Amino acid sequence: MTPASPAKVPATGFALPAPAKLNLLLHITGRRADGYHDLQTLFVLLDHGDTLHFRPHDALTLTCDRPDPPVDEHNLVLRAARLLQQATGCRQGAALHLEKRLPAGGGVGGGSSDAATALLGLNHLWGLDLSLDRLAALGLQLGADVPVFVHGRNAWAEGVGERLQAVDLPPQWFLVVNPGVAVSTARIFSDGELTRHTPAITLPASLGAATFEALLNQGHNDCEAVARRLFPPVDQALEWLQREAGNARMTGTGACCFARLAGAQAARDLQRRLPENWTAFVARSTELSPLHEALATLRAKEHPGPASYDDAT
Numbered sequence: 001m002t003p004a005s006p007a008k009v010p011a012t013g014f015a016l017p018a019p020a021k022l023n024l025l026l027h028i029t030g031r032r033a034d035g036y037h038d039l040q041t042l043f044v045l046l047d048h049g050d051t052l053h054f055r056p057h058d059a060l061t062l063t064c065d066r067p068d069p070p071v072d073e074h075n076l077v078l079r080a081a082r083l084l085q086q087a088t089g090c091r092q093g094a095a096l097h098l099e100k101r102l103p104a105g106g107g108v109g110g111g112s113s114d115a116a117t118a119l120l121g122l123n124h125l126w127g128l129d130l131s132l133d134r135l136a137a138l139g140l141q142l143g144a145d146v147p148v149f150v151h152g153r154n155a156w157a158e159g160v161g162e163r164l165q166a167v168d169l170p171p172q173w174f175l176v177v178n179p180g181v182a183v184s185t186a187r188i189f190s191d192g193e194l195t196r197h198t199p200a201i202t203l204p205a206s207l208g209a210a211t212f213e214a215l216l217n218q219g220h221n222d223c224e225a226v227a228r229r230l231f232p233p234v235d236q237a238l239e240w241l242q243r244e245a246g247n248a249r250m251t252g253t254g255a256c257c258f259a260r261l262a263g264a265q266a267a268r269d270l271q272r273r274l275p276e277n278w279t280a281f282v283a284r285s286t287e288l289s290p291l292h293e294a295l296a297t298l299r300a301k302e303h304p305g306p307a308s309y310d311d312a313t
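Numbering follows full-length UniProt numbering, with no gaps: position 114 of the sequence shown is 114.
Take a look at the structure:
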C-alpha cells in the first residue's frame with residue numbers, strides 16, 4: 001500500500017480517550033481444538049479510562065506516566081502502532097504519551113483499549129483512512145477484546161470474543177472496585193476447575209429494561225469462582241459489594257468487580273464507604289464510545305461540515 005500523503009497529517013497533536021469496559025456477563029461455552037475458549041459475553045463501554053496523546057514525530061516513541069505497563073516491545077500501544085505501519089507501509093512516526101488510569105490485570109480492558117485508541121488515533125494522524133472493519137481485523141491480532149473498542153459500541157460477543165453484535169442498552173451507573181491484585185488471564189483460563197461448558201443462551205431481539213434485567217439475572221461470570229479461590233481480595237470485594245449494593249459481579253477474568261447503582265450520587269456515596277486498601281471509580285455506560293465521540297469532534301474541528309459515525313475512522 002502506498003503511504004498516505006503527508007499533507008493529510010494534522011500539524012499539531014491531540015489526545016484521545018481509551019475507555020474502560022465491563023463484561024456484564026461472561027459465559028464459557030466450550031474449548032476449541034486450538035486451545036482457545038468459545039465465549040458469550042456482553043460488553044458495555046464506560047465514560048472512564050486512560051488517555052493517549054499523539055504528536056507528529058520523525059520516529060515512533062512512547063512514554064507513560066506510570067511504570068506499569070512497561071514501555072517495551074510488549075506494550076500493546078507500540079505493538080498496535082508497528083502493526084499499523086507494517087499493514088499499510090506507512091513510514092511516518094509519532095510521539096505517543098499514555099496517561100494510565102485503568103489498572104493492569106483488572107479485567108476492564110486497559111491494554112486492549114489503549115491498543116484500539118492507538119490504531120484509530122494513528123489512522124487519523126497518518127491520514128491512512130482505513131475502515132473500522134480493517135482496523136478491527138488488525139486489532140484482533142493483538143487481542144480478542146481490541147475489536148469491541150475499535151467499533152466503539154456496546155456489544156454482544158461470541159467466538160473468542162471477535163464476533164460482535166452491537167446492542168442498545170439502557171444507561172447504567174457503576175461503581176468499579178479494584179481490590180489491589182493483578183489477575184493473569186492465562187492463569188484463570190488454564191485452571192482445571194474453570195467451568196468450560198455453560199450452555200449457550202440466545203440474545204433477546206431487543207433489550208429494554210425488563211429484558212435487560214432478565215438477561216443479567218440469567219447470566220454470570222464463569223471466571224469468577226476461580227478468581228475468588230485464587231485471589232482472596234477478589235472474593236472480599238464481591239462480598240462487600242453484594243452486602244452494600246445488593247448486587248456484585250467480576251468483570252473479565254478480574255480483578256475488578258462492579259455493582260450497578262441507581263445513579264451517580266448512589267455510586268459516589270458507596271465509593272466513600274470503600275475500604276481503605278481498595279480503589280474504585282464511578283462510571284456511566286455510554287451508547288457510543290468516548291473514543292469515537294472525541295474523534296468526531298477532532299475531525300469536525302479540522303474539517304468543518306457534516307459528519308457521521310463512520311467519520312470516526
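Ideal Cβ positions, reconstructed from N, Cα and C, are used throughout, including at glycine.
Note that the coordinates shown come from a computational prediction; the quantities given were computed from them, not determined experimentally.
Quick check: the Cα distance between R299 and H48, rounded to an integer number of angstroms? 22 Å
Below 8 Å between beta carbons: does that hold for A104 and F174? no
Closest by CA to E16, which one among T51, L24, L45 and L288? A small correction: the amino acid at residue 16 is Leu; Glu does not occupy that position in the sequence shown. Of the listed residues, the one whose Cα sits closest to L16 is T51.
Let me check one thing: in DSSP terms, what residues is H53 bridge-paired to? A15 and H97
Contact check, Q40 vs A209 under 8 Å by CB: the rounded distance? Their Cβ separation, rounded to whole angstroms, is 21 Å, which puts Q40 and A209 out of contact at 8 Å.
Do you know how far the Cα of V71 is from the Cα of P3? Reliability fails at P3, whose pLDDT of 36 lies under 50, so the model's placement of it is uncertain and no value is given.
Own chain partners of L203 with C-beta closer than 6 Å, once the 5 adjacent residues on each side are dropped: W156
Determine whether the beta carbon atoms of R187 and L230 lie at a separation below 8 Å. yes
Let me make sure I understand the geometry here. Which of F43, G152, T279 and E287 has the alpha-carbon closest to that of L216? F43
Using a 10 Å radius around the Cβ and a threshold of 16 neighbouring Cβ atoms, would you call D222 buried or exposed? buried
For residue 345: DSSP bridge partner residues: Residue 345 cannot be examined here, being either before or after the span of the chain that is shown, 1 to 313.
Beta-ladder partner(s) of F174, from DSSP: R260 and A283
Residue closest to S285, alpha-carbon to alpha-carbon, out of V108, T63 and A205: V108
L164 (DSSP reduced to helix, strand or coil): strand
Whole-Å CB distance - L128 paired with H151, under 8 Å assumed: At roughly 17 Å, the Cβ-Cβ gap does not stay under 8 Å, so L128 and H151 are not in contact.
Residue 315 (DSSP reduced to helix, strand or coil): Given that the chain is displayed from residue 1 to residue 313, the structure contains no residue 315 and the question cannot be resolved.
Collapsed DSSP secondary structure at L130 in the structure displayed: coil
On the CB-based measure, 16 or more other CB atoms within 10 Å of its CB, does K100 come out buried or exposed? buried
Between which residues of its own chain and L138 is the CB-CB distance below 7 Å, once the five residues before and five after are set aside? L83, L84, A87 and L119
Using a threshold of 8 Å, state whether the C-beta atoms of A94 and L60 are closer than that. yes
T63 - containing beta strand (DSSP E), residue span: L60 to C64
Can you check whether the CB of T297 is closer than 8 Å to the CB of T185? no
Going by Cα to Cα distance, which pick from T198, L62, R31 and D168 is closest to L207? D168
Starting from A294, trace the alpha helix (DSSP H) both ways and give me its first and last residue. P290 to E302
So, with DSSP's three-state summary, where would you put I201? coil
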